[in-house]
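Trainee: I have a structure here, written as structure tokens, and I will follow up with some questions on it.
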Amino acid sequence: MTFVSRSVEETEALGERLARAASPGSVFALRGGLGAGKTAMTRGMARGLGVLDPVTSPTYTLINEYDGDMPLYHMDAYRLHGPAEFELLDAARYLHGDGLCVVEWSERVEGALPAHSARIEISPEPDGSRTITLASPDLEAALA
Ligand SMILES: Nc1ncnc2c1ncn2[C@@H]1O[C@H](COP(=O)(O)OP(=O)(O)OP(=O)(O)O)[C@@H](O)[C@H]1O
Ligand SMILES: [Mg+2]
């Protein structure tokens, strides 16, 4: 399923919709280069879950946890070197937990992601818009 976002607000709004369609244990594996809009989408997901705290990038902390309708676990694998390092951080606790888990730079920890993870790729276009591709049988059915 493909979406076009013409602004950061549109990317946030899509994140909000996706989070509302998600359920406890959902994992969103986000890819897209530096500045593509992964954190913006996560901010929208937080809004969709009613999270009140501001979402900040967990590039250094690796995992941020927020209270919402269900817990939001926001992870950033940018500084990791692979699934083994991810597992050392007790990532499984979040990936197989009772909340919504979002992983930025998920391609760095591919081997540790649950098979049911929803895949989201954000691709900047020459005109500044973003093409956003969602691959998730469950969510695509829910959004259709
Ligand atoms: N359609 C769009 N969707 C999302 N962000 C957009 C869009 N158009 C422009 N932007 C800008 O792109 C930037 C996206 O930043 P963001 O931190 O969300 O990216 P990121 O993918 O998380 O980057 P990083 O790899 O550094 O974590 C923001 O400055 C935002 O204003
Ligand atoms: Mg980011």
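Taken in order, the sequence shown gives residues 2 to 145; the numbers are from this note's numbering.
Where is the CB? At the ideal position from N, CA and C, for every residue including glycine.
The model shown is predicted, which means the values in this text are computed figures rather than measured ones.
Let's see if you can read the secondary structure: which residues bound the beta strand (DSSP E) around residue 40?
Mentor: Looking at the DSSP string, residue 40 is not in any beta strand (DSSP E); the run it does join, the alpha helix (DSSP H), is 39-49.
Trainee: At which residues does the beta strand (DSSP E) containing residue 204 begin and terminate?
Mentor: Past the edges of the chain, shown from 2 to 145, lies residue 204, and the structure says nothing about it.
Trainee: From which residue to which residue does the alpha helix (DSSP H) around residue 12 run?
Mentor: 9-22
Trainee: Relative to the alpha-carbon of residue 135, which residue among 39, 51 and 10 has its alpha-carbon at the smallest distance?
Mentor: 39
Trainee: Compare the beta carbon distance of residue 50 and residue 81 with 8 Å and say whether it is the shorter of the two.
Mentor: no
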